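What follows is a short report on a single structure.
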Amino acid sequence: MDTTTVSRNARPSPRIRTLLGVGATALALTAGAATPLNPAPQQARADGSRTLTVAVSQSVDSLSPFLAQRLVSTTVHRLIYENLTNYDVKDNHAIPGLATKWEPSPDKLTWTYTVRENSKWSDGKQATAEDAAWTFNTMMKDEGAATANGSFVANFKKVTAPSPTKLVIELKKPQATMAALDVPILPRHEWEKVGDYSKFNNDKKFPVVGNGPFVLTDYKVDQYVKFKPNQKFWRGAPKFDELVLKYYKDGDAAVAALRKGEVSFASNLTPAQAASLAKAENIKVNDAPGRRFYALATNPGARSKDGKKFGDGHPALLNPKVRQALFAATDRKTIIDKVFQGHAVEGEGYIPPRFAAYHWKPSEGQKIAYDPAKAAALLDEAGYRKNGAGKRVGKDGKPLGFRILCHATDPNDKAIGKYMQEWWGDLGIGLKVDCLDNVSDPWLAGEYDLAFDGWSVNPDPDFVLSIHTCAALPSTPKDTGATDNFICDKKFDELYAKQTAEYDQAKRADLVKQMQSRLYDTGYMNVMAYPNAVEAYRTDQIRAITTMPESGGNLWGQDGYWSWWSAVPAEVDDTSGGGGSSTGLVVGIVAAVVLAAGIGGFVAMRRRSTAEDRE
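Written out as C-alpha cells, the structure is:
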C-alpha cells in the first residue's frame, strides 16, 4: 500500500562497526526581518517555551511498533525509541544506536552487539540488552508482534542477553541485514504486561516510556501527536521545548497554516504550492530528490497463507497481457511534466535512483513504453475487443471496467486518475476513481482492482522487497499481514532468499536488481515516478536544521531522527513585547553540527531530528 498512506508506506540498510568520527554540517537558514505589517509568528508561548509544529496529512495507524506500517507512525517510533543501529546523515552507512558496536562470528551465523551503558528509558530505568532480546523474542514467538517487521526476525534462531550490555543473535543462515535491523527496541518492563499484541495500539497511557530523543506525551486521533524532549537522551536533548505533529486533511489548509506561522513545517507540497511559498517572506522551500516511488498496483488476487482467496479483484487483471496493456496505456512522461511539473523523475525500477547501488532500469527490449497501439493489440490478444459502441468486452459480453483506490488527501492521485480515465477510455476501458479518506480497509480486504501505491525506501532495500514475498501474506483472510498487495511469486521469493544471505555487496546488488526485473515482468507493479521531497519551513521559527543527506537532502521522512532532533529555534526577542515572538533577524547563520563519537558517545552541537520509514 502506500507507505505514505499505508507506509508500511513503508516499514525497513547496511552498517559498519563503530563510528569513530563523523562531521555533519547543518543546513543554514536565513530569515527576513519582521515588521509591524508583517509580524513574526508566535513561536514562543507566554511561558517562554518554544514549539516546533509539523503539519502532517497521514493518519496514525498504530502507536505500537509491532503493528505500525505508515510513514507518520514509523516516524513517531524513530523519535521515541532507538534501534540497535542508525543511519549516518552523510552517506547512510551504519552508525551506533542503542548498540555501540556489532560483529559477526567467522561463519556469520552469530552476531554479537555491545549495548551502550548510557541509554536510559524516560522513566529513569536503564535500557539493556535484555530489552532488545525481549523485543526480538516476542516478535519471533508472537505472530501479532511480527505484523509490521516480522521479516527482520524470520531467520533468527535464538536471541539471548548474557549480560546487560551484550546481545547475541544466532541465525539459521547468513543474513546481510544484521546492521540494518530497523526494529524499535521496547522497554520490557512496560510491554511485557500487554495481553494481545495484535490489538494493543499503545495509545491510552501517556507519557509513553521510550529512550529516543523525544518522549510522546499526548495523542488525539487525526488531530495531533505531541512530544517533549527526552532530557536523558544520550546524544543530548532536542533544542525545541515541544514537538507537535498536527494533522491537516487538506494540503491547502496546511500551507495556509504555514503562511500564518501556525505551523513551522509542511511537506508533500504541490508544484503550485511550492511556487507560491517560494515567494513568501520567512519561508524556505526545500526541493530534494526523494526516497519514495509512486506506482500503480494491480490486485493479483488477494489470498492468505492458508490458501484461501478473498476480496473482489477483477479477474481480467490475472491476465498478464491485460496488465501490460494498462501499463502501455499510461504515459509516464505526461505524469512527470503535467502532474509533478518536473518535481519528480520518471519511474522505472522499484528502488529510486537515490540509492544508486540498487537502482535498476529495464533493458530496451524489456521496457513497457507508452504505446496505445500496442496496448490495444494486447487487449485484443487477451480476448477483450471493442464492440460497436467502442467499449472493450470480454467473452461474456460484459464491458471491461476497473476501480482504482485513490487517497482523498493526495492531489496527485486525483490528477493522475483523470488522465488514466482519458487514456484508458480511448482504449474502450472504463475506470472508476475511488478517492477515499481510508484506503486501508478495502485494500487489506482485497476489495480493489488497482491502487495508487507508494513506499519510502531505506538505504537497505530488504524490507521494501520483503513485502512482496509469500511470507508477507496474512495467515488467514481475517488477519493483517505485512504484504503490500498480495503478490506471491516463487521466483521472486527465491531471489529474495539469496539476496538476504549474500554479504558481498556487488553480488547482493545484482540479486536485488534481478528481483526488480522479475517484479517488472510480472506486471503487478508499475512504478510511474520517483517524486521529489518538496517541503517548506519557516526560517523565523527554525534557525538551523539538518537535511539527509546533508547535501541537498530532505527533512521529512528521513532514515533516522536527525532533522527534528537537530532543529535550532530562531532567536527570541525578549524586548519585542510580543510574548517572545521571533525577531526574524537571523541572517547568514550557519549551525555547524559536529558529531564526535568517542567511547560510545556523540557530542552534538545544534542538532535534532526527524525520521521516517515506509510511506
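Sequence positions in the sequence shown follow this note's numbering and run 2 to 616.
All residues carry an ideal CB built from backbone N, CA and C; glycine is no exception.
Source: prediction; values computed, not measured.
Asked	Found
Please classify A357 as buried or exposed, where buried requires at least 16 other C-beta atoms within 10 Å of its C-beta.	exposed
Can you tell me which of the three DSSP states G252 falls into?	helix
Does DSSP put A69 in a helix, in a strand, or in coil?	coil
I'd like the list of long-range same chain contacts for G553, defined as Cβ closer than 6 Å, with 5 residues on each side in sequence excluded.	A289
For D454, which residues does DSSP report across the bridge?	A296
Identify which residue in A155, A537, F328 and S467 has its Cα closest to the Cα of K280.	A537
Along the beta strand (DSSP E) that carries W103, what are the first and last residues, could you check?	A100 to P105
Using the Cα positions of F620 and I170, report the straight-line distance between them to the nearest angstrom.	Here the chain has residues from 2 to 616 only, and residue 620 is not among them.
Restricting to Cα atoms, I'd like to know which of P570, Y562, Q542 and E572 is closest to L259.	Q542
What does the alpha-carbon distance come out to for the pair L72 and V222?	16 Å
What is the rounded straight-line gap between the Cα of T484 and the Cα of K322?	24 Å
With C-beta atoms as the reference, is Y531 less than 8 Å away from R293?	yes
Under DSSP, the alpha helix (DSSP H) around E536 begins and ends at which residues?	Taken as a continuous stretch (DSSP letters only), E536 belongs to no alpha helix (DSSP H), being part of the beta strand (DSSP E) at A534 to R539.
Specify, as a first and last residue, the run of the beta strand (DSSP E) that I284 falls within.	I284 to A289
Which residue from P570, Y420, V216 and D204 puts its Cα closest to that of V434?	Y420
Where does C436 sit, in a helix, a strand or coil, going by DSSP?	strand
From F311 to D450, what distance separates their C-alpha atoms?	13 Å
Might you give, ordered along the chain, the residues of its own chain that have their beta carbon closer than 6 Å to the beta carbon of Y225, omitting 5 neighbours on each side?	V245 and K247
With a threshold of 8 Å between beta-carbons, can K167 be considered close to chain B, or not?	Given the protein chain composition of this structure (a single chain), no chain B is represented.
Starting from F157, trace the alpha helix (DSSP H) both ways and give me its first and last residue.	Run containing F157: none in the alpha helix (DSSP H); it sits in the beta strand (DSSP E), F157 to S164.
Within its chain, find whatever has a CB closer than 7 Å to the CB of N388; leave out the 5 residues flanking it on each side and keep chain order.	V394
Excluding the 5 residues preceding and the 5 following L445 in the sequence, name in chain order all residues of the same chain whose CB lies nearer than 7 Å to its CB.	T481
Who pairs with W425 in a beta bridge, going by DSSP?	W425 is not bridged to any residue.
Any idea which residues DSSP pairs F215 with across the strands?	P230
Return yes when the Cβ of R324 is within less than 8 Å of the Cβ of W235, no when it is not.	no
Indicate the three-state DSSP secondary structure (helix, strand or coil) for V604 in the structure shown.	Since pLDDT at V604 reaches only 29, below the 50 mark, its modelled position is unreliable, and the value read off the structure follows with that caveat. In this structure, V604 counts as strand in the three-state DSSP scheme.
Assuming R404 is part of the beta strand (DSSP E), what are its boundary residues?	G402 to H408
Pick helix, strand or coil for E503, following the three-state DSSP scheme.	coil
When you compare only the Cα positions, how much space is there between K492 and N459?	23 Å
Which two residues bound the contiguous beta strand (DSSP E) that contains G355?	The amino acid occupying residue 355 in the given sequence is Arg; Gly does not appear at that position. Counting along the chain, R355 falls outside any beta strand (DSSP E), and DSSP gives it neither H nor E.
Let me know the secondary structure DSSP gives T271 once reduced to three states.	coil
Apply the 10 Å Cβ neighbour rule to R404 and answer buried if 16 or more other Cβ atoms are within range, or exposed otherwise.	buried
Excluding the 5 residues flanking D494 on each side, which residues of the same chain have their C-beta closer than 6 Å to its C-beta?	T470 and C471
Could you check which residue in G350, L64 and T76 has the C-alpha nearest to that of Y562?	T76
Determine the DSSP secondary structure at Q224, reduced to helix, strand or coil.	coil
Using the rule of at least 16 other Cβ atoms within 10 Å of the residue's Cβ for burial, across every protein chain shown, is E365 buried or exposed?	exposed
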